[in-house]
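To start, the structure under review is shown below, and the notes come after it.
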Amino acid sequence: MAFLSSSSPTMQKGIFVSVPVLVLSVSFAAAVFFLLSSSSCSCPPSLSSSNVVGGSVTDVRLEERISTTREDIEWIRDLIRSNGLHMQKNELRKGINPRTRDQQLADLKQYKGISHYEGEEANNHTALPCPGELLVEQHHSNYGEPWAGGRDVFEFLAESSNLKPNSRVLEIGCGTLRVGLHFIRYLNPSHFHCLEKDELSLMAALRYELPSQGLLHKRPLILRGDDMEFSKFGSGVTYDLIYASAVFLHMPDKLVWAGLERLVGKLKPYEGRIFVSHNVKFCSRLGGDECAKKLASLGLEYLGKQTHDSLLFNHYEIWFGFRRLKP
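In UniProt numbering, the protein residues as written are 1 to 327.
This is the structure in structure tokens:
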């Protein structure tokens, strides 16, 4: 197989230079094409971006697995065992400098980090200047349980609502995106919406979590509000999943019911799901029959209570499901 050598002009620092280019002979190119076209790919489907079905391109991520399997657990356990890993005391040792969040924050304020610009150059290099409290992730402790629990909630809700990447999700009270990050990463761009009232949580979500996780391109719509008013998200949008994690516990019953009434029209009929965590006292305080009647008047059906175990810590969460009965 012969190679033909030629050169092609290119631009470098404003000057045209000649760069050698190797051109495959026709026979070699044909051989390569034959090999590529006749070989079978052993890659799992989830690694490719699209498949052709019935002459049209479809997103193979529609079949992407969400939850961790038993095989996954056994694999990571074997890897831990084979490396002889054991939890060590968190103390100063070569190459590792354990610091509490308070210590890290003090260092940031005193020393401005390890390397930093001074004088006239000080403010010219940070695209998204971030408060030190967010850089040391103090907001990861704001909600009273491990940050890792967000993955558990995502897995449960996504699988219970048969979620796909092209689904649309609304979270009521997404906080600092402990759960929302997983939805944003999984869903197509602009398909995650959230209404959140706490300004500090919103600061953490928008000024730290989205940039640090490389998710700005996903364009989630996260808006500030505490009145269960969803008109800002658009009149035509409907959701496959609407959920509230412990949020309704802190709202007056009247506001919860007003919110549910507004949400019914935004939930896809039959297949769409509303999930509420911890309890539904706004409903049970009315009494079983009265609550069922009120739900029916809104066009909602109660689907029952479910629990979901955590992957990483001894904890489970209770969820109550609802669906919309009428188109």
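Positions of the beta carbon are idealized from the N, C-alpha and C atoms, including for glycine.
These numbers were taken from a predicted model, which means no experiment stands behind them.
By the neighbour-count criterion, in which 16 or more other beta carbons inside 10 Å mark a residue as buried, Pro220 falls on the buried side. Out of Asp227, Pro211, Ser212, Asn162, the CA that lies nearest to the CA of Cys194 is found in Asp227. Taken through DSSP and simplified to helix, strand or coil, Asp253 comes out as helix.
According to DSSP, residue pairing for Gly321 in a beta bridge involves Phe275, Gly304. Taking the Cα positions, Glu137 is about 43 Å away from Ala296. Going by DSSP, His182 is part of the alpha helix (DSSP H) stretching over 180–186. For Ser245, the CB contacts under 6 Å within the same chain, skipping 5 residues up- and downstream, are Ser277 in chain order. With fewer than 16 other Cβ atoms from the protein chains shown falling within 10 Å of its own Cβ, Trp75 counts as exposed. Per DSSP, the continuous beta strand (DSSP E) segment holding Arg224 begins and ends at 221–224. Scanning its chain for C-beta atoms nearer than 6 Å, with the 5 sequence neighbours on each side dropped, one finds around Lys266 the residues Thr238, Tyr239, in chain order.
The beta carbon of Arg285 is closer than 7 Å to those of Asp253 in its chain, skipping five residues each way along the sequence. Separation of the CB atoms of Ser67 and Glu171 is rounded to 19 Å, and the pair is thereby denied contact status at 8 Å.
Assigned with DSSP and collapsed to three states, Glu118 falls in coil, not helix or strand. Taken atom to atom, the span from the alpha-carbon of Gly236 to that of His139 is near 34 Å. Per the C-alpha coordinates, the member of Met251, Met87, Leu210 positioned closest to Val280 is Met251. Phe230 sits in coil when the DSSP states are folded into three classes, being neither helix nor strand. Buried is the label assigned to Arg151, since at least 16 other Cβ atoms lie within 10 Å of its Cβ. One alpha carbon belongs to Tyr270, the other to Phe183, and they sit about 22 Å apart. By the C-beta density criterion, Tyr117 is exposed, having fewer than 16 other C-beta atoms within 10 angstroms.
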